[in-house]
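Asker:
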């Protein structure tokens with residue numbers, strides 16, 4: 016398929032021998048490097064806002080259309096242009112050659128290809144907060160370090176809000192966040208984007224969706240130094256030793272999983288009473304454990320689930336609140352070889368994970 020697309024693009028580019036001007040919506044670095052005589056002028060009036068929102072419009076990226084003139088070029092210059100643009104095609108992997116099409120640098124409509132919500136289900140949009148300085152510097156923040164989001168995180172949160180806003184009348188009007196600043200600040204930014212005069216947004220703190228507490232020893236450390244201890248804790252929980260805690264205190268595996276189960280049951284109830292969907296803005300390790308719990312996946316695998324800042328996970332859960340039980344020999348805790356105590360039991364809402372780590376809305380953000 017890739018070869019076919021490249022072939023079509025190159026055939027289309029060859030037609031430039033017959034034209035005098037065109038709009039080229041891909042970067043022009045390739046052609047200018049090959050032939051400095053070829054020039055491009057940028058039409059600054061081609062900037063187009065993504066919507067009519069007022070407060071956050073100035074922060075959204077726009078697409079600019081460089082218009083190149085080939086009028087008066089001799090056949091050698093035209094050939095050089097074609098070769099240069101062909102090099103751009105190869106470098107970029109594909110090229111939209113239709114005069115009316117543009118390369119979209121990110122997909123703010125990334126949620127519109129979700130399957131419809133089953134009539135007997137509610138939908139939970141489980142997100143991660145925006146970037147903090149600890150995230151940027153690769154330091155553990157956990158549940159005990161409480162930094163705000165940084166400028167990068169603010170941009171991510173705006174993209175998250177815009178992606179959710181594309182759901183239009185299906186966008187939830189209820190946002191839950193944890194008791195940590197990075198979660199609440201992300202939620203506030205999202206709410207400013209998705210609210211309008213006809214749709215007030217409710218922001219509610221839900222402390223049970225806070226980050227996993229791995230203890231004081233890990234907090235604030237470089238991730239490279241703390242990763243070993245955190246993985247050992249995950250490994251113990253994954254083998255069924257759910258009473259284990261991280262170095263320096265922190266939560267046990269059982270405590271983490273029980274509050275995840277409780278949070279899920281609560282969110283189902285709230286979604287059922289508020290239009291059939293809610294947004295929950297939580298944290299990376301909490302989300303990883305939650306996704307593993309929902310799919311009864313070995314917890315050690317769950318620890319490796321990718322969760323980008325301001326990513327979106329989508330869960331469809333039974334509206335009637337029906338649950339399934341994860342017992343001591345569940346896959347989550349090692350299956351038949353699990354060391355979980357006989358009284359271990361989690362009541363998990365029935366449903367499925369529809370999407371994990373959606374991040375197309377975050378592509379091509381320029382971070383400082």
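Residue numbers (this note's numbering): 16 to 383.
C-beta: ideal position from N, C-alpha, C; glycine also.
1. Helix or strand or just coil, what does DSSP make of residue 75?
2. DSSP three-state label for residue 302, please.
3. Give the single residue among 324, 340, 266 whose Cα lies nearest to the Cα of residue 153.
4. What residue does the alpha helix (DSSP H) around residue 198 start on, and which one ends it?
5. Mark residue 24 as exposed unless 16 or more other C-beta atoms lie within 10 angstroms of its C-beta, in which case mark it buried.
6. Taking 6 angstroms as the limit between beta carbons, can you name the residues of its chain near residue 382, skipping five residues before and five after?
7. Report yes if the C-beta distance between residue 256 and residue 354 is below 8 angstroms; otherwise report no.
8. In whole angstroms, give me the CA-to-CA distance for residue 342 and residue 205.
9. Report the option in 350, 322, 311 whose CA atom is closest to the CA atom of residue 362.
10. Of the residues 146, 151, 155, 304, which one's Cα is nearest the Cα of residue 164?
11. Looking at C-alpha atoms only, which residue of 335, 359, 124, 229 is the closest neighbour of residue 133?
12. Would you report the Cα separation of residue 187 and residue 294, rounded to the nearest angstrom?
13. In whole angstroms, what is the alpha-carbon distance linking residue 379 and residue 171?
14. Residues in its own chain within less than 6 angstroms of residue 251 by CB, not counting five upstream and five downstream?
15. Return the residue from the list 192, 240, 344 that minimises the CA-CA distance to residue 139.
16. Rounded to a whole number of angstroms, what is the C-alpha to C-alpha distance between residue 247 and residue 262?
17. Ends of the alpha helix (DSSP H) at residue 341?
18. What is the residue span of the beta strand (DSSP E) that residue 333 lies within?
19. From residue 210 to residue 297, what distance separates their C-alpha atoms?
20. List the whole-angstrom C-beta distance separating residue 339 from residue 365, where the pair is believed to meet the contact cut-off of C-beta under 8 angstroms.
21. Quick check on residue 155: does DSSP put it in helix, strand or coil?
22. Could you pull out every residue in the same chain whose Cβ sits closer than 7 angstroms to the Cβ of residue 228, ignoring the five residues on either side in sequence?
23. Look up residue 367 in the DSSP assignment and give the residues it is bridged to.
24. Taking Cβ positions only, does residue 161 come closer than 8 angstroms to chain B?
25. Ordered along the chain, which non-local residues of its own chain (more than five positions away) have a Cβ less than 6 angstroms from that of residue 189?
26. Straight-line CA distance for residue 286 to residue 137?
27. State buried or exposed for residue 322, treating a residue as buried only when at least 16 other CB atoms are found within 10 Å of its CB.
28. DSSP state of residue 274, grouped into three classes?
29. Using DSSP bridges, identify the partner residues of residue 237.
30. Under a Cβ-count criterion, where at least 16 other Cβ atoms within 10 Å of its own Cβ denotes burial, should residue 11 be classed as buried or exposed?
31. Can residue 224 and residue 301 be called in contact, C-beta distance under 8 angstroms?
32. I'd like the span of the alpha helix (DSSP H) that includes residue 166, first residue to last.
Answerer: To lay it out plainly:
1. Its pLDDT being 36, under 50, residue 75 is placed unreliably by the model, and the measurement read from it follows with that caveat. Correct three-state label for residue 75: coil.
2. Note: residue 302 maps to helix in three-state DSSP.
3. Nearest of 324, 340, 266 to residue 153, Cα basis: 324.
4. From DSSP, the alpha helix (DSSP H) with residue 198 extends over 196-209.
5. Bear in mind that a pLDDT of 41 at residue 24, under 50, signals an unreliable position, so the number given afterwards is only what the model happens to contain. Around the beta carbon of residue 24, 16 or more other beta carbons lie within 10 angstroms, which makes this residue buried.
6. Scanning its chain for C-beta atoms nearer than 6 angstroms, with the 5 sequence neighbours on each side dropped, one finds around residue 382 the residues 167, in chain order.
7. Going by C-beta atoms, residue 256 is nearer than 8 angstroms to residue 354.
8. Within the model, the alpha-carbon separation for residue 342 versus residue 205 is close to 37 angstroms.
9. For residue 362, the nearest C-alpha among the options comes from 311.
10. The shortest Cα separation from residue 164 among 146, 151, 155, 304 belongs to 146.
11. Nearest C-alpha to residue 133: 335.
12. Going from the Cα of residue 187 to the Cα of residue 294 covers about 7 angstroms.
13. Distance between the alpha carbons of residue 379 and residue 171: 11 angstroms.
14. Excluding sequence neighbours, residue 251 sits near 259.
15. Cα-wise, what sits closest to residue 139 is 192.
16. Rounded to the nearest angstrom, the gap between the Cα atoms of residue 247 and residue 262 is 10 angstroms.
17. In the DSSP assignment, residue 341 falls outside any alpha helix (DSSP H) and lies within the beta strand (DSSP E) extending over 338-341.
18. For residue 333, the uninterrupted beta strand (DSSP E) run begins and ends at 327-333, by DSSP.
19. Those two C-alpha atoms are separated by around 20 angstroms.
20. Contact between residue 339 and residue 365 holds, with the beta-carbon distance rounding to 5 angstroms and staying under 8 angstroms.
21. Coil.
22. So the list reads 157, 158, 159, 265, 266, once near-sequence residues are dropped.
23. Beta bridge pairing from DSSP links residue 367 with 331.
24. Within the model displayed, chain B is absent; a lone protein chain is all it includes.
25. Same-chain partners within the cutoff: 217, 289, 293.
26. Straight-line Cα distance between these residues: approximately 6 angstroms.
27. So residue 322 counts as buried.
28. The answer is helix: DSSP assigns residue 274 an H, G or I state.
29. Answer is 154, bridged to residue 237.
30. No statement about residue 11 is possible, as the shown extent of the chain runs from 16 to 383 and does not include it.
31. Closer than 8 angstroms, so yes.
32. Judged by DSSP secondary structure, residue 166 falls within the alpha helix (DSSP H) whose first and last residues are 166-180.
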